[in-house]
Amino acid sequence: MTETALAMSESDTRPRAEFAVSLKGVTKRYDRGVAALGPFDLDVSDGDFVSLLGPSGCGKSTALRIIAGLSAPTSGTVRVAGGGRSIGFVFQEPTLMPWASVRDNVALPLKLARRPRVDIDRHVDAVLARVGLAEFAMAYPRELSGGMRMRVSLARALVTDPDILLMDEPFAALDEITRFRLNNDLLALWHDLRKTVIFVTHSVFESVYLSRRVVVMTARPGRISAEFRIDTAEPRGEDFRTSAEYAAYCREVSAGLSRASGEGGR
Amino acid sequence: MNSPDRSAPSDMRDSSAVQRVSIARVVLPIAVLMAGVLVWDLVVRLNAIPPYVLPGPELVATTLVKDWPILWQSLLATLLTTLEGFVAAAVGGVALALLFNQSKWLEQALLPYAIILQVTPVIAIAPLLLIYLPQQTAVIVCAWIVAFFPVLSNTALGLNSVDRNLAGLFQLHGASRMQTLRYLKLPAALPYILGGLRIAGGLSLIGAVVAEIAAGSAGAGSGLAYRIAESGYRLNIPRMFAALLLLSVTGIVIYMCLAAVSHLLLRRWHESAFGKES
């Protein structure tokens, strides 16, 4: 944790709560009576990288939408540091506006917040450079590859400089080469910016590679079945991906996931 | 297919095939038109059909030139009516769809009447409108009644077709209703609105013609449809054909203009504006 404190930039003077996100006894039941989630408890400390891992339809996306405030829990309490005003969300699909250029897509959150034009331009330029898309600012989404669209989506989530980044299987639809590259980019981003990241995925390998905590969930309703800490030397890179340590973690988490699938009754 | 020496000729074959298709799209309809005119001419000549029953294409063409001053004035009158009806339908249809989108209550209260207005044949309403309204207004109202519904229903469909996650994103960033409408719903609905307008363009011409014909017996009109009715009474069949030809061409031009506008607005981003190859 001392490393974390040192790495936080000096410009960051916002007071930070102990937990960035805290869920207590959260459940979600849909209108048809299907129990999708919970009861679900999760505390995520500030600056942590947590993966929610589970089979499709286990309610992990629902949990993420509840944290973002896009969906109301049926019961339980949700506490988000900063009252949820400081959240960046990356969807499973790039979810870009096809009628707007890359630049306008990334500028959207600032435009909605009615920030002054110069301010918007400065932030958009910076974040586009950060994700390596400065040259494509005037391109339209359909002119970009899947990986580049995802980068635009990531840039849009980062442009408001949120404290918390919520990512809903963002790289699931990408090919493996692109996914590995974006994994590394995301790790670098997290290392530099020290955002709190909650990352939903169904890939054991991705969750172990990226996160410091892997939370394994059962299906229908989604509950926490097991939790793993991935304590390894930072920063991580391709060396870690090919190490015996990584393989061992993957085996452990994999076993946890099959136990969770057994509990879920399928 | 992976080796370059094989894919190169296949590319060439593809592009020449594409060219053939686009040439065929122009040449084939023209060939059909010419064949049709030829058959028409032959039928008239061989059967010696008198012009007051069926005039030949040559006579229609000369009538078009000879009567041009009258027909041109009528064309302008019909065009103006169509345009006014179309603008009213576009503004009314989009505005009503926006209102419906903002208030479910309003939609439930008014939508049945919009549908009734749509399914009642305008030719049956036109005489009534001519009784209650000044003629020029009645004609425009007719054009509006026929044309506004496709704009309304298409716009409503477009406004409801917004990507759910994008809507979530707007919600997450605390977008106001106006912001959501301006930056999300209207752009997302634009392809649908333009589709509705393309239908409305042709329909407002039909509405204008129907009303002019209904008003024709009153004798105060001067549009193309009125010319057709008047020429019918006077057995001036060649002029009827000439006016009919002008009406068709007007309809085609309106459609092409709206298609061009649609293409211009959507060419950078919408799938409909791209060829099959992409």
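So the sequence lines, in the order shown, correspond to chains A and B.
Be aware that the first sequence starts at 6, since it is given in the working numbering, and climbs by one per residue.
Be aware that the second sequence starts at 137, since it is given in the working numbering, and climbs by one per residue.
For glycine and all other residues, C-beta sits at the position ideal for the given N, C-alpha and C.
ask   = Helix, strand or coil: which one does DSSP assign to A:Arg241?
value = Translated into positions along the first sequence, residue 241 of chain A becomes position 236. DSSP places A:Arg241 in coil when its eight states are reduced to three.
query = Beta-carbon of A:Pro175 versus every beta-carbon of chain B: anything under 9 angstroms?
reply = One-based indexing of the first sequence puts residue 175 of chain A at position 170. Residue-level contact check: A:Pro175 does not touch chain B, since none of the beta carbons of chain B fall below 9 angstroms from its beta carbon.
Inside the segment 33–99 of chain A only - alpha helix (DSSP H) runs reaching at least 4 residues = If one requires a minimum length of 4 residues, the alpha helix (DSSP H) runs lying completely within the segment 33–99 of chain A are 65–73, in chain order.
request  = With 9 angstroms as the threshold, decide whether the Cβ of B:Arg313 is near any Cβ in chain A.
outcome  = One-based indexing of the second sequence puts residue 313 of chain B at position 177. So, not an interface residue.
key: Boundaries of the beta strand (DSSP E) in which A:Phe233 is found, first to last residue   = Here residue 233 of chain A is taken as the residue at index 228 of the first sequence, counted from 1. DSSP places A:Phe233 in the uninterrupted beta strand (DSSP E) bounded by 229–234.
inquiry  = Please classify B:Ala347 as buried or exposed, where buried requires at least 16 neighbouring CB atoms within 10 angstroms.
reply    = Position 211 of the second sequence, counting from 1, holds the residue named residue 347 of chain B. With 16 or more other Cβ atoms from the protein chains shown falling within 10 Å of its own Cβ, B:Ala347 counts as buried.
ask   = Going by C-alpha distance, which of A:Gly93, A:Gly62, A:Asp173, A:Phe45 is nearest A:Arg29?
value = On the first sequence, position 24 is the one that residue 29 of chain A refers to. What sits at residue 29 of chain A in the sequence shown is Lys, not Arg. Per the Cα distances, A:Phe45.
message = Tell me which residues share the same chain as B:Val163 and place their Cβ nearer than 6 angstroms to its Cβ, disregarding the 5 neighbours each side in the sequence.
response = Looking up residue 163 of chain B in the second sequence gives position 27. Excluding positions up to five away in sequence, the list is empty.
message = Which residue marks the beginning of the alpha helix (DSSP H) containing A:Val132, and which one marks its end?
response = In the first sequence, counting from the first residue as 1, residue 132 of chain A sits at position 127. Segment 122–135, the alpha helix (DSSP H) holding A:Val132.
Per DSSP, cross-strand counterpart(s) of A:Pro29 = Here residue 29 of chain A refers to the residue found at position 24 of the first sequence. Here the sequence assigns Lys to residue 29 of chain A, which means Pro is not the residue at that position. A:Lys29 is bridged to A:Thr82.
ask   = Apart from the five residues on each side of it in sequence, which residues of its chain come closer than 7 angstroms, Cβ to Cβ, to B:Gln272?
value = What you label residue 272 of chain B is simply residue 136 of the second sequence in a count that begins at 1. The answer is none, since no qualifying residue turns up.
ask   = Looking at C-beta atoms only, is the number of pairs between the segment 363–374 of chain B and the segment 256–263 of chain B that lie closer than 8 angstroms three or more?
value = Judged by Cβ distances under 8 angstroms, the segment 363–374 of chain B makes no contact with the segment 256–263 of chain B, as fewer than three pairs qualify.
ask   = Beta-carbon of A:Gly88 versus every beta-carbon of chain B: anything under 9 angstroms?
value = In the first sequence, the residue the question calls residue 88 of chain A occupies position 83. Answer no: the Cβ-Cβ gap between A:Gly88 and chain B never drops below 9 angstroms.
ask   = Along the chain, where does the beta strand (DSSP E) that runs through A:Val164 open and close?
value = Counting from one through the first sequence, the residue named residue 164 of chain A turns up at place 159. From DSSP, A:Val164 is part of no beta strand (DSSP E); its letter is neither H nor E.
inquiry  = Would B:Arg328 pass as an interface residue toward chain A - the criterion being a Cβ-Cβ separation below 9 angstroms?
reply    = Counting from one through the second sequence, the residue named residue 328 of chain B turns up at place 192. Contrary to the premise, residue 328 of chain B reads as Tyr rather than Arg in this sequence. B:Tyr328 does not count as touching chain A.
query = Which value, in whole angstroms, describes the spacing of the CA atoms of B:Leu333 and B:Ala171?
reply = Here residue 333 of chain B refers to the residue found at position 197 of the second sequence. Here residue 171 of chain B refers to the residue found at position 35 of the second sequence. Distance between the alpha carbons of B:Leu333 and B:Ala171 is about 33 angstroms.
query = Are the segment 193–208 of chain A and the segment 40–56 of chain A touching by the rule of at least three beta carbon pairs closer than 8 angstroms?
reply = Yes, the segment 193–208 of chain A is in contact with the segment 40–56 of chain A.
message = With distance defined between alpha-carbon atoms, name the residue in B:Glu243, B:Phe377, B:Asp203, B:Ala233 nearest to B:Pro193.
response = Mapped onto the second sequence, residue 193 of chain B falls at position 57. For the residues B:Glu243, B:Phe377, B:Asp203, B:Ala233, the minimum Cα distance to B:Pro193 belongs to B:Phe377.
query = What residue ranges within the segment 273–332 of chain B form continuous alpha helix (DSSP H) runs of no fewer than 4 residues, ordered along the chain?
reply = Fully enclosed alpha helix (DSSP H) runs of 4 or longer: 300–308.
inquiry  = Here's a check: name, in chain order, each residue in its chain whose Cβ is nearer than 8 angstroms to the Cβ of A:Ala25, leaving out the five neighbours to either side.
reply    = Within the first sequence, residue 25 of chain A is the residue found at index 20, counting from 1. Answer for A:Ala25: Val49, Ser50, Asp51, Gly52, Asp53, Val85, Ala86, Asp168, Ile169, Thr201, listed in chain order.
For A:Glu15, three-class secondary structure by DSSP = As a working note, residue 15 of chain A is residue 10 in the first sequence. Here the model assigns A:Glu15 a pLDDT of 37, short of 50, so the residue's position is not dependable and the matter cannot be decided.
message = When you compare the CB of B:Leu305 with every CB in chain A, is at least one pair closer than 9 angstroms?
response = Taking the second sequence and counting its residues from 1, one reaches residue 305 of chain B at position 169. True, the Cβ-Cβ gap to chain A drops below 9 angstroms.
Contacts of B:His309 in chain A (Cβ-Cβ under 8 angstroms) = Sequence index remark: in the second sequence, residue 309 of chain B carries index 173 (1-based). For the C-beta of B:His309, the chain A residues within less than 8 angstroms are, from N- to C-terminus, Leu113, Pro114, Leu117, Ala118, Thr165.
query = What residues in the segment 65–77 of chain A bring their beta carbon closer than 8 angstroms to a beta carbon of chain B?
reply = Flagged, chain order: Arg70, Ala73, Gly74, Leu75.
task = Return helix, strand or coil for A:Gly261, following the three-state DSSP convention.
result = Here residue 261 of chain A refers to the residue found at position 256 of the first sequence. DSSP places A:Gly261 in helix when its eight states are reduced to three.
message = When you compare the CB of B:His406 with every CB in chain A, is at least one pair closer than 9 angstroms?
response = Reading the second sequence from its first residue, position 270 is the one you call residue 406 of chain B. The beta carbon of B:His406 falls within 9 angstroms of a beta carbon belonging to chain A, placing the residue at that interface.
message = Taking its Cβ as the centre, do 16 or more other Cβ atoms sit within 10 Å of B:Lys202, making it buried, or is it exposed?
response = The sequence position of residue 202 of chain B within the second sequence is 66, counting from 1. The residue is exposed, with fewer than 16 neighbouring Cβ atoms inside 10 Å.
inquiry  = Using 8 angstroms for Cβ pairs, my map puts B:Thr291 next to B:Gly229. What's the rounded Cβ distance?
reply    = Numbered from 1 along the second sequence, position 155 holds the residue referred to as residue 291 of chain B. Numbered from 1 along the second sequence, position 93 holds the residue referred to as residue 229 of chain B. Their Cβ separation, rounded to whole angstroms, is 6 angstroms, which keeps B:Thr291 and B:Gly229 in contact under 8 angstroms.
task = Only counting runs of 3 or more residues, tell me where the beta strand (DSSP E) segments fall wholly within the segment 204–249 of chain B, in order along the chain.
result = Qualifying beta strand (DSSP E) stretches: none in this window.
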